[in-house]
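Structure, as C-alpha cells:
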C-alpha cells in the first residue's frame, strides 16, 4: 500500500541557516561599501591587477541609473 503524500509542502532544509547566510551577505555588502567609500577617491581608478581596475562612482538613479535625472524621488520609491 502506498503512503499518503506529505501535505505540509516542501520546505528548504535548515531555514534558520538561510536566514543567517542572508544576513551575513547583506552585512558583508554594507561593510565593503563603507570600506570602498572611505578608501577610494571619487572617479580615480585603482589598479587591482594589470587587467582589472576599481573606480568609485555613485549611482544617483534607481537600478543602473534608471531615472537618474528625475530629482531624487525614485531612490525612495524603488
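In my numbering, the protein residues as written are 1042 to 1119. Quick reminder that beta carbons are idealized off the backbone N, C-alpha and C, glycines included. Here the structure is a predicted model, which means the values were calculated and not measured.
If you look at residue 1093, you'll find it in the beta strand (DSSP E) that goes 1093-1095.
Assignment of beta-bridge partners to residue 1087 by DSSP yields 1095.
Annotation for residue 1064: the continuous alpha helix (DSSP H) segment containing it runs 1056-1080. Here DSSP, grouped into helix, strand and coil, assigns residue 1107 to coil. The C-beta separation of residue 1083 from residue 1097 comes to about 5 Å, placing the pair in contact by the 8 Å criterion.
Rounded to whole angstroms, the separation of the alpha carbons of residue 1093 and residue 1081 is 15 Å.
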